[in-house]
Amino acid sequence: MRFQSSFPLVWSLLAMAFVSEAYAHRVPFTGLRMPLEQLQAQVEKEPDSVALILGSGPTGLMSAHQLRKMNLFKTIILVGDRSEYTRTNTVTLRPESFPKLAELELDKALDSKFYFADDFHFFIHLPKDRKVIAESFPGNPKHIDYSQGNLLKVLDGPGWPHYAIKIADFESILAETISANKMVTFLKGSVQKILTETGKTKRHSLRLQFDDNGKQRTLDFINPKLILIAEGGGSKTREMMGIDYRPIPENETQHWCSGAVSLDGILDQSSMNSRITIVSHELTKTVAFGVFRNSENDLFLNGKMSEEESKTWTAEDCLRFNAFKILNEESGFMKMTLPESPAFLNVSDSVAGKFDVALNKASSFHSLENVFLIGDSAGNGSPIGGLGISLITSVYMDALKSLVEGLSRTSAPADVDKVISDYDARVRQIVEFWHFSLKK
Ligand SMILES: Cc1cc2nc3c(=O)[nH]c(=O)nc-3n(C[C@H](O)[C@H](O)[C@H](O)COP(=O)(O)OP(=O)(O)OC[C@H]3O[C@@H](n4cnc5c(N)ncnc54)[C@H](O)[C@@H]3O)c2cc1C
9 MRFQSSFPLV
19 WSLLAMAFVS
29 EAYAHRVPFT
39 GLRMPLEQLQ
49 AQVEKEPDSV
59 ALILGSGPTG
69 LMSAHQLRKM
79 NLFKTIILVG
89 DRSEYTRTNT
99 VTLRPESFPK
109 LAELELDKAL
119 DSKFYFADDF
129 HFFIHLPKDR
139 KVIAESFPGN
149 PKHIDYSQGN
159 LLKVLDGPGW
169 PHYAIKIADF
179 ESILAETISA
189 NKMVTFLKGS
199 VQKILTETGK
209 TKRHSLRLQF
219 DDNGKQRTLD
229 FINPKLILIA
239 EGGGSKTREM
249 MGIDYRPIPE
259 NETQHWCSGA
269 VSLDGILDQS
279 SMNSRITIVS
289 HELTKTVAFG
299 VFRNSENDLF
309 LNGKMSEEES
319 KTWTAEDCLR
329 FNAFKILNEE
339 SGFMKMTLPE
349 SPAFLNVSDS
359 VAGKFDVALN
369 KASSFHSLEN
379 VFLIGDSAGN
389 GSPIGGLGIS
399 LITSVYMDAL
409 KSLVEGLSRT
419 SAPADVDKVI
429 SDYDARVRQI
439 VEFWHFSLKK
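For what it's worth, this note's numbering labels the leading residue of the sequence shown as 9, then goes sequentially.
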């Protein structure tokens, strides 16, 4: 099935060039903060003073910021392989993230980029009938009393997304904040080689390759205290370290699209509520979730396609089809003039894209005493509304904080083992929580 675009091609291409330009945030790599020889000497003489973070997506950036705030390392080296943040998918966040972002003093910097929802709807299609199981909440997470109830514990309850942000904005604001700090060296590169002497050491060593003003240079990390792998679900370093991972559910790849449809002529902007809407088949089989962004008069959405559909549909086909589903659900609540069919919806976000998500989880979340997996590298689940980023901006940062505090408090082998196994157990709980919601 293929829908006809109502945009003339030339306008789509022009719009794409314009929007891509506007959305492409350059990564503010710092380059070396000191001569390479001096940094290499510090890494060798004081391996406990340096933390290495591999991957500069949401998890790597949040982790660098969390470590910087803790002030337990002299140098934090953050490594990324992208030159630009271009992923414009808007991600929804659950309210539990808000206290952590405030604690880490990121809330103000991000504030102007957040879309706060006034309302929330979850349409769930159960086998027999269809009903709304969640409707309305005190939308702005700033106004929630976190001292009441268990909102801070993500694992305790369902919780609904309350706000959203374009992921490229999130990444670029974090990257700017982190780069401004002298303690952080932010390099463009990746791991070239694992140098660990198998069986002879309790810590991993590796060689990093990075760009130094156009020249490719290397830096060896021999037995550093902390290496965080935050390279996402397809992490190469995880594989190079021999850490096993397996697909969840077995062999399933999900196909999603991300982008926005215009609500011009469909919904009157002045009467529009900013709302987050989820459409789900059965309790947790989300098929589409969207944000009605009243500032842009559009519906930003992430929508799912079947294996078959993904072979022939463009991102635009997928967006129109899923947006139509959401609009149909909402038409009784919002005063809308719905088009007759998805084909008449205009895809307004021309950086719309298709994503294949290969769900997997690692079998262990640490390796020896100094390598730890975090974020999607530990286990990446489905883009079900508001989980990946919500976990990274709440429970993952707490787990990291406890790990680093624990490792810096003690060097007694039994205590170190306990700190590591506590981290492993907590990350397992987080990953299982995400995957459990997939299996049901
Ligand atoms: C369509 C879609 C919609 C989503 N919607 C939501 C949502 O609404 N809410 C939500 O909370 N979550 C959502 N998610 C999930 C969320 O995007 C992820 O959980 C999150 O991006 C994971 O962050 P990460 O940093 O762990 O991994 P990634 O985002 O994958 O980042 C990893 C980073 O590491 C870099 N990297 C990889 N390999 C290397 C290497 N060898 N060397 C150096 N760098 C490397 C990559 O370039 C990247 O910058 C969605 C995901 C998708 C695909």
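Quick reminder that beta carbons are idealized off the backbone N, C-alpha and C, glycines included. Just so we're clear, the structure is a prediction, and the values are computed from it rather than from any experiment.
Review point. What's the C-alpha gap between K233 and R211?
Key: Between the alpha carbons of K233 and R211 lies a gap of roughly 8 Å.
Review point. Beta carbon of S266: closer than 6 Å to some heavy atom of ligand 1?
Key: Yes - ligand 1 has a heavy atom lying nearer than 6 Å to the Cβ of S266.
Practice item. Give a yes or no on whether the C-beta atoms belonging to V295 and K312 are separated by under 7 Å. Key: The Cβ atoms of V295 and K312 lie closer than 7 Å to each other.
Practice item. Mark T100 as exposed unless 16 or more other C-beta atoms lie within 10 angstroms of its C-beta, in which case mark it buried. Key: Flag for T100 reads buried.
Point to revise | beta strand (DSSP E) runs wholly inside the stretch 54-138, at least 3 long, in chain order | key: Here the runs fully enclosed are 58-62, 83-88, 98-101 and 127-133.
Practice item. Name the residue from L62, S416, D425 and R417 whose alpha carbon lies nearest to the alpha carbon of L216. Key: Minimum Cα distance to L216 is reached at L62.
**Study point:** Continuous beta strand (DSSP E) stretch holding F178: start and end
**Key:** Membership of F178 in any beta strand (DSSP E) is not indicated; the residue belongs instead to the alpha helix (DSSP H) covering I175 to S187.
Exercise for review: Compute the Euclidean distance between the alpha carbons of D432 and D56, then round it to the nearest angstrom.
Suggested key: Linking D432 to D56 through their CA atoms gives a straight-line distance of about 21 Å.
Practice item. Express the C-alpha separation of S390 and R455 in angstroms, rounding to a whole number. Key: A question about residue 455 goes unanswered here, because the residues of the chain that appear run from 9 up to 448.
Practice item. For the beta strand (DSSP E) holding N310, just list the boundary residues, first then last. Key: Per DSSP, the unbroken beta strand (DSSP E) holding N310 starts and ends at D306 to M313.
Practice item. Within its chain, find whatever has a CB closer than 6 Å to the CB of I428; leave out the 5 residues flanking it on each side and keep chain order. Key: H374.
Review point. Roughly how many angstroms separate the alpha carbons of S198 and E337, rounded to a whole number?
Key: Near 45 Å, if we compare the C-alpha coordinates of E337 and S198.
Review point. When you compare only the Cα positions, how much space is there between E45 and L195?
Key: Whole-angstrom Cα-Cα distance: 16 Å.
**Study point:** Burial state of E184, where buried means 16 or more other Cβ atoms lie within 10 Å
**Key:** E184 should be labelled exposed.
**Study point:** Given N330 as reference, the closest of E316, A351 and G65 once Cα atoms are compared
**Key:** With respect to the C-alpha of N330, the residue from E316, A351 and G65 having the closest C-alpha is A351.
Point to revise | Segment contact flag, the stretch 272-286 with the stretch 219-239, C-beta cutoff 8 Å, min 3 pairs | key: In short, these stretches do not touch, since the Cβ pair count stays below three.
**Study point:** Range of the contiguous beta strand (DSSP E) that encloses F363
**Key:** That run of the beta strand (DSSP E) goes G361 to A366.
Check your understanding: What does a CB cutoff of less than 6 Å around A59 pick up in its chain, not counting 5 residues either side in sequence?
Key -> Taken in chain order, the residues that qualify are L75, F81, I84 and L234.
**Study point:** Pairwise C-alpha distance: H33 and D164
**Key:** At D164 the pLDDT is 49, less than 50, meaning the model places this residue with poor confidence; the figure from the coordinates comes in the next sentence. If you draw a straight line from the Cα of D164 to the Cα of H33, it is about 36 Å long.
Point to revise | I438, buried or exposed, once every other Cβ within 10 Å from all chains shown has been counted against 16 | key: Within 10 angstroms of the beta-carbon of I438 lie 16 or more other beta-carbons, which makes it buried.
Check your understanding: Ordered along the chain, which non-local residues of its own chain (more than five positions away) have a Cβ less than 8 Å from that of N302?
Key -> Sequence-distant partners of N302 (beyond 5 residues in either direction) whose C-beta falls short of 8 Å from its own C-beta, in its chain, are Q277, M280, N281 and S282.
**Study point:** Residue range of the alpha helix (DSSP H) that includes D325
**Key:** Per DSSP, the continuous alpha helix (DSSP H) segment holding D325 begins and ends at A323 to E338.
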